[in-house]
Amino acid sequence: MLMFWIFIFVDLFTMGIIYAVYGGKRTYSEGMLMGVHMPESAAKSGEVTSLMDQYRRRTKQFYLWNGIVGAVVCLLNFWYISVFIIVWSLWLLEMCGGAVILVYRTHRKLYDLKVERGWVGSGNSRILAVDTKTSAQSGEMGLTPWWHVLSAGLILLPCILPGVREYLRESEDGWILLACSLAVSLAFGLIHIMIRRMRNKVYSEDSEMNLKVNLMQKNVWSWTLVGCSLANACAYLFVAGHMDADQWISTWVYVVYIILESVPVVFFIAGMMYVQYKRRELLAFNESPLYIDDDVYWKNGWYSNPHDKRLIVQDWVCSWNYTTNMARPAGKICLGLGIIVTIVCLGLADVMLLRFEFTPIEVAVTQDSVKITSGYSDETIRYDEIQDIRLLEELPEDDFEKINGGDTKDMLTGKFRGRETGKCLLYIYIKSTPVLEISTTDGPVYVNSRTGEETEEWYDQIEKNLG
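Under the working numbering, the residue at position 277 of the sequence shown is numbered 261, and the numbers go up by one with no gaps.
This is the structure in structure tokens:
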């Protein structure tokens, strides 16, 4: 049930983000409608109004039906998790792709209508505008990205504590948290560098207005990203404190960690909204607006300008979104790699889950060893490593924490760590009994079959071979 509500929340959150970027209300602003420059009179014409009304109806239908289908798909997690994840992945790809196609098709129709009617942009539109005073300061605005080194240093600082080092030696989850925290800070640092080096945009014939708007945007973004990076470091420091003090990361610590890691998301969204609000406020006093009519390079929805050396450009769909210049080979490579990596990652996850759920736990008792196979990992135990063997009525009562393995409502396989048991291997059907406990020099191994008779048979065979 918990998994169902988690994915319902993920669906709503994902749809909310996609809607905010691609499905929001499109109004005439800064001489444009849906990224197409045209006079305000053209934007209010009957044919354009009719096209936009059709777009809004289709947008509402698209998100309504995807919301319903997404909720129905979540019901599959009560059956097989692997089947659910496969169907959910397909739904997610359809949701993202459909949202983009819906916007791009309408954008292209508006562009074709503009060309057909011979509309030019608003009165102050230009094909190209250069403000040398503003451009000269493109890489000098905002905080320095070196602040993210401080964040990375704070994350690495707990490694000097003996308790943290001990936990990292014994538990893989500690390394995973450390690596993820460093990766997040690195990502924020790279975004910071990219935004700071981004070419300043020309909004007006007034250089002071251009400087004011660009300075505001880069200052807010740099402070926001540094804040996100430091908040991420604080979240890891909280977990590291429990590594050192308790040698254990309990469920409630993970819950608090997730809550703390949501703070950077809040910072990021708040910064984005403030930039939009402040830019509109500043440009309201722009007495000499200047619009760059580069629609020909955006006619298909993406940016393709062979005369522009930039690889990363601001997207027309959303002012805080960025895209690649598809006229450059690097732009095509980035897009292709992104698509390939996404499909491969989803495909591998689906294959692993299918293998995990549909490969049974089996034990092969030979003259030399005990071989355990499962859908997640296999284990071979030599007889000279076995210290004791017992048949338990059920799995010991303990708080088992997954280190490297898989778990569903029916099965636990892989490396786990119990508060009382310590490091152990589990190959368990949760609803089946009894449980075979094999004590080894590396810690206990717990295994059972779907049927109690087969588990007892394994016990008898191993006990016989041990002599």
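Note that beta-carbon positions come from the ideal geometry of N, C-alpha and C, so glycine has one too.
All figures in this text were calculated on a predicted structure; none of them were measured in a lab.
Here I387 is not near S13, since their CB atoms are 8 Å or more apart. Around the beta carbon of R180, a 10 Å sphere encloses 16 or more other beta carbons of the protein chains shown; the residue is thus reported as buried. Bounds of the beta strand (DSSP E) holding K407 are 406 to 413. Here A311 carries a coil assignment [DSSP, helix/strand/coil].
Residue environment for H176: buried (at least 16 other C-beta atoms within 10 angstroms of its C-beta). Within its own chain, the residues whose Cβ lies closer than 7 Å to the Cβ of V223, once the five positions on either side in sequence are excluded, are L161, I233, V237, Y241, listed in chain order.
Assignment of alpha helix (DSSP H) within the region 191 to 249, counting only whole runs of 4 or more residues, yields 191 to 230 in chain order. Note on geometry: alpha-carbon atoms of C164 and K28 lie some 49 Å from one another. For P428, the uninterrupted beta strand (DSSP E) segment begins and ends at 427 to 431.
Assigned with DSSP and collapsed to three states, T(-2) falls in helix. Its Cα nearest to that of N270, the residue S191 stands out among M310, S191, Y47, K202. The Cβ atoms of P418 and L376 sit closer than 8 Å to each other. DSSP places Q445 in the uninterrupted alpha helix (DSSP H) bounded by 436 to 450. In this structure, S66 places its C-beta atom within 8 Å of the C-beta atom of L337.
DSSP lists K355 as the bridge partner or partners of A348.
About 5 Å separates the beta carbon of V347 from that of I356, a gap short enough to meet the 8 Å contact definition. Note on F384: 16 or more other CB atoms within 10 angstroms of its CB, so buried under the neighbour-count rule. Counting other Cβ atoms within 10 Å of its Cβ, Q351 stays below 16 and is therefore classed as exposed.
Take Y64, set aside five residues on each side of it, and the residues of its chain with a beta-carbon closer than 6 Å to its own are E341, in chain order.
Burial is judged here by how many other beta carbons sit within 10 angstroms of a residue's own beta carbon; F(-3) has fewer than 16 and is exposed. Across the structure, N309 and I323 are spaced so that their CA atoms are roughly 16 Å apart.
Bounds of the beta strand (DSSP E) holding S423 are 419 to 424. With contacts defined by Cβ atoms closer than 8 Å, Y6 and V87 form a contacting pair. If you look at K98, you'll find it in the alpha helix (DSSP H) that goes 65 to 101. DSSP, reduced to helix, strand and coil, places D362 outside both helices and strands of the structure shown, so it counts as coil. Looking at the DSSP output, Y306 shares a beta bridge with Q298. Taking the C-beta atoms as reference points, S206 is found no nearer than 8 Å to S169. Assignment of beta-bridge partners to K386 by DSSP yields F400. Partner residues in the beta bridge of M395, as assigned by DSSP, are Y413.
Cβ contact annotation for D228 (same chain, cutoff 6 Å, sequence separation greater than five): L145, G147, V148, in chain order. Straight-line spacing of the CA atoms in V204 and L321 works out to 31 Å. D(-5) is positioned such that its CB atom lies no closer than 8 Å to that of G81.
Within a 10 Å sphere around the beta-carbon of V20 sit 16 or more other beta-carbons, which makes this residue buried. Between I422 and I345, the CB-CB gap reaches or exceeds 8 Å.
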